[in-house]
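Engineer: Numbering (this note's numbering), first residue to last: 212 to 788. All C-beta atoms, glycine included, are put in the ideal place defined by N, C-alpha and C. There's a structure below that I have some questions on.
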Amino acid sequence: MEETAEALATLILEGFNRHFAIFTDYNRRAAHYFETADFLTAYDAAKEQVDLYDQRVSEATSRLQEECDMETLNEPLWQAVKICYMHKLYEHPQPELAESFYNSVFCKLFNRRYYNNSYIFFNPAIDTALIQSDIPDYRSYYPDDHHLEDEIERLLLELPINLPFEDLARDRDNIIGAIERYRQNFSGLSNYIQIHILTPILYRNKSAYAVGRIMHNNHSYPFVIALFNREGKLYVDAFLNEEADIVNIFSFSRAYFKAEFNVPSAIVRFLKTIIPSKHIADWYTILGFHKQGKNEFYRYFLYHLRHSTDQFEVAPGIAGLVMFVFTLDSYPYVYKLIKDPEYIYKDVTPKQVQEKYHKVKRTDRVGRMADVWEFSHVAFPLARFSEDCLAALKKYCQSNISIEGELLIIKHLFIERRMIPLNSYLDQIKTGDPEEKRRIVKDYGRSIKDIATAGLFPGDLLTKNFGVTRHGRVVFYDYDEIVSLSKCRFRVIPKAQNNEDQYSSQPWYTVYDDDIFPEEFATYLISDPELKAIFLEEHADLCECDYWNGVQEKVNSNVLPDILPYACKHRFSSHAN
Numbered sequence: 212m213e214e215t216a217e218a219l220a221t222l223i224l225e226g227f228n229r230h231f232a233i234f235t236d237y238n239r240r241a242a243h244y245f246e247t248a249d250f251l252t253a254y255d256a257a258k259e260q261v262d263l264y265d266q267r268v269s270e271a272t273s274r275l276q277e278e279c280d281m282e283t284l285n286e287p288l289w290q291a292v293k294i295c296y297m298h299k300l301y302e303h304p305q306p307e308l309a310e311s312f313y314n315s316v317f318c319k320l321f322n323r324r325y326y327n328n329s330y331i332f333f334n335p336a337i338d339t340a341l342i343q344s345d346i347p348d349y350r351s352y353y354p355d356d357h358h359l360e361d362e363i364e365r366l367l368l369e370l371p372i373n374l375p376f377e378d379l380a381r382d383r384d385n386i387i388g389a390i391e392r393y394r395q396n397f398s399g400l401s402n403y404i405q406i407h408i409l410t411p412i413l414y415r416n417k418s419a420y421a422v423g424r425i426m427h428n429n430h431s432y433p434f435v436i437a438l439f440n441r442e443g444k445l446y447v448d449a450f451l452n453e454e455a456d457i458v459n460i461f462s463f464s465r466a467y468f469k470a471e472f473n474v475p476s477a478i479v480r481f482l483k484t485i486i487p488s489k490h491i492a493d494w495y496t497i498l499g500f501h502k503q504g505k506n507e508f509y510r511y512f513l514y515h516l517r518h519s520t521d522q523f524e525v526a527p528g529i530a531g532l533v534m535f536v537f538t539l540d541s542y543p544y545v546y547k548l549i550k551d552p553e554y555i556y557k558d559v560t561p562k563q564v565q566e567k568y569h570k571v572k573r574t575d576r577v578g579r580m581a582d583v584w585e586f587s588h589v590a591f592p593l594a595r596f597s598e599d600c601l602a603a604l605k606k607y608c609q610s611n612i613s614i615e616g617e618l619l620i621i622k623h624l625f626i627e628r629r630m631i632p633l634n635s636y637l638d639q640i641k642t643g644d645p646e647e648k649r650r651i652v653k654d655y656g657r658s659i660k661d662i663a664t665a666g667l668f669p670g671d672l673l674t675k676n677f678g679v680t681r682h683g684r685v686v687f688y689d690y691d692e693i694v695s696l697s698k699c700r701f702r703v704i705p706k707a708q709n710n711e712d713q714y715s716s717q718p719w720y721t722v723y724d725d726d727i728f729p730e731e732f733a734t735y736l737i738s739d740p741e742l743k744a745i746f747l748e749e750h751a752d753l754c755e756c757d758y759w760n761g762v763q764e765k766v767n768s769n770v771l772p773d774i775l776p777y778a779c780k781h782r783f784s785s786h787a788n
């Protein structure tokens, strides 16, 4: 048995190492795409990369099934396999990722649930706190008043991007000016600072980002340098140090970053100092390690349950036509289950809903579509559900749940960040700050436009399907009707031929499944007259076919959007156009 356990553990680790090598190659190619301005290929590669993990898990599973009888679980054997595997990870640079890969393979082999923890790595076996790469995870610079120009110039020249600067002196001076303004916020009498720059560059869409922190009097002041490639020359577009901009860059509503580095835990450790409030589950997910993000989330979720007593309740707001949603007030997430078919009041199947959510995960979410973790066979403590919530689950989602002892098992669910539904937010601010009303209504329109530039049409544009994040940004989160923009046909409503047509309760013209009539949006998107007037003031074009057909033409021509994750006011003026 010992020899078999060793062989199986080796096969699983070989599967993980193959996955990480392929994943890293995609990250390496992201740098090449930026340097050659091959952004369309980068976009396609980013979509492919989302599916790499599941492909490698399936490969490893198939190899194991060829090597050994996997029809039944041989408990002593798999306990030995886990121990052998753990021993192999002591000097491994990605042990936490390798453990998660092992868990995925095991669960796929035996359809085991995550709460059966004796055969999987429920808690990490290897501490990643002190794992170091062959190269440091960040570089340090010591710019005093006499050598500030030299150190900032050296910082820029040492960025691992194979492009010449368009104007190095200009970019250096722009950064120095930004740092000097930033230093006005520093406390203490000392002028001495250190600058730490994360070694790998983070790539996403058409941009590259150098992430850093200024150390002063034992305080850390984060910043991000945004870089672009213009006709084969590198330039600094912005130096970002305001919290709102940094949070938006690393938002859960944006595409994943590409970063080539052999020790992901070291990158996560550094990034955690940039936004300490973000959990490591978020950081792993932001870097494209979705499975690791899910594992870290679930571990902390169970930790939270052990240290709280409130109950799961039906989520407030308008009930979904496809999803049943519940939440835990003390935890900032919502849990979404697809209802049983007899309670789905739209022309969509559960499989189609899952496909639509996956489509969004593979798409550039442009800061306007919430990322979602997808889970299977998740155990919840039965006693933590309120009577109303449990009754609703049994009614609407009976085929998706089972009760085993003191546990409620959910076979499939989505978990995403909790937001205030936009319709509820608009009700709250009706008598509030006029400027906030204008801002949020206009951001609602901008969110629809941003999603369209990403090549998607939300389907149901009602405010109940959008949420407001804790930073006040409007984000779409209901994907059961989302479709590719290229499949839509935007039409003007034909003129009625007579009074009978005009006052008929049914359309007097033929309507096909893909037909959309934008002029109807003005009628039903916002009912409040004051808010509707604000909306149309800036976004009346959303109610016109010409607008939608224009965006559709760009999408069909593979014109990628330029949507900055920071305010235009932070762009250095010479690049703003």
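(1) To the nearest angstrom, how far is it from the Cα of S462 to the Cα of G578?
(2) Does V559 come out as helix, strand or coil in the three-state DSSP assignment?
(3) Verify the CB distance criterion: does A477 have a CB-CB separation below 8 Å to chain E?
(4) Can you give me the C-alpha to C-alpha distance between L284 and A530, rounded to a whole angstrom?
(5) At the level of alpha carbons, what is the spacing between R691 and F512?
(6) Which two residues bound the contiguous beta strand (DSSP E) that contains R154?
(7) How about Y514 and D551: do their beta carbons lie closer than 8 Å?
(8) Among G666, F535, I659, whose alpha-carbon lies nearest the alpha-carbon of A602?
(9) Could you tell me the alpha carbon to alpha carbon distance between T664 and V685, rounded to whole angstroms?
(10) Consult DSSP for R350 and reduce its assignment to one of helix, strand or coil.
(11) In whole angstroms, what is the alpha-carbon distance linking F793 and I745?
(12) Considering only residues of the same chain and omitting the five flanking positions on each side of K567, which have a CB-CB separation below 7 Å?
(13) Can the beta-carbon of K444 be found closer than 8 Å to that of E377?
(14) Which word fits S311, buried or exposed, when buried means at least 16 other C-beta atoms lie within 10 angstroms of its C-beta?
(15) Can you tell me whether R782 is helix, strand or coil according to DSSP?
(16) With distances taken from CA atoms, which of R441, R381, R365, P433 is nearest A248?
(17) A590 by DSSP, collapsed to three states: which one?
(18) Exposed or buried, K698, counting other C-beta atoms within 10 Å across all chains shown (16 or more means buried)?
(19) Can you tell me which of E270, G656, S587, I614 puts its alpha carbon nearest to the alpha carbon of R229?
(20) Check whether the Cβ atoms of E585 and F523 lie closer than 8 Å to each other.
(21) On the DSSP bridge list, what partners appear for E524?
(22) Counting only the same chain and skipping the five closest in sequence on each side, list residues whose C-beta sits under 8 Å from that of T410.
(23) Can the beta-carbon of Y495 be found less than 8 Å from the beta-carbon of E627?
(24) Out of L341, E277, N334, L275, point me to the one whose CA is closest to H303's CA.
(25) First and last residue of the beta strand (DSSP E) that includes V686?
(26) Apply the 10 Å Cβ neighbour rule to A751 and answer buried if 16 or more other Cβ atoms are within range, or exposed otherwise.
(27) So for Y467, helix, strand or coil by DSSP?
(28) Is it buried or exposed for T680, if we count other Cβ within 10 angstroms and need 16 for buried?
(29) Just mark F227 as buried or exposed, buried being the case when its beta carbon has 16 or more other beta carbons within 10 Å.
(30) Buried or exposed: which applies to N788, given that a residue is buried once 16 or more other Cβ atoms fall within 10 Å of its Cβ?
(31) Cβ atoms of I460 and Y420: under 8 Å apart, would you say?
(32) Under 8 Å, do A216 and V292 count as touching if we go by C-beta distance?
(33) Alpha carbon to alpha carbon, how far is D654 from I858? Give it in angstroms, no decimals.
(34) With 16 as the cutoff for other CB atoms within 10 Å, does S488 come out buried or exposed?
(35) To the nearest angstrom, how far is the alpha carbon of N385 from that of R424?
(36) Taking C-alpha atoms, which residue in R415, Q260, N634 lies nearest to P527?
Structural biologist: Checking against the coordinates, here is how it stands:
(1) 7 Å
(2) coil
(3) The structure shown has no chain E; it contains just one protein chain.
(4) 42 Å
(5) Inspection of the sequence shows that residue 691 is occupied by Asp rather than by Arg. Distance between the alpha carbons of D691 and F512 is about 26 Å.
(6) Lying outside 212 to 788, the shown extent of the chain, residue 154 is not represented and no answer is given.
(7) no
(8) F535
(9) 16 Å
(10) strand
(11) With the chain running from 212 to 788 in the structure shown, residue 793 is simply not present.
(12) Y690, D691, I693
(13) yes
(14) buried
(15) strand
(16) R441
(17) strand
(18) exposed
(19) E270
(20) no
(21) T538
(22) I346, P347, D348, Y349, R350, P371, F472
(23) no
(24) L341
(25) 685-687
(26) exposed
(27) coil
(28) buried
(29) buried
(30) Residue placement at N788 cannot be trusted, given a pLDDT of 49 that sits under 50; what the coordinates show is reported in the next sentence. The residue is exposed, with fewer than 16 neighbouring Cβ atoms inside 10 Å.
(31) yes
(32) yes
(33) Residue 858 is absent from the model: the chain starts at 212 and stops at 788.
(34) exposed
(35) 17 Å
(36) N634
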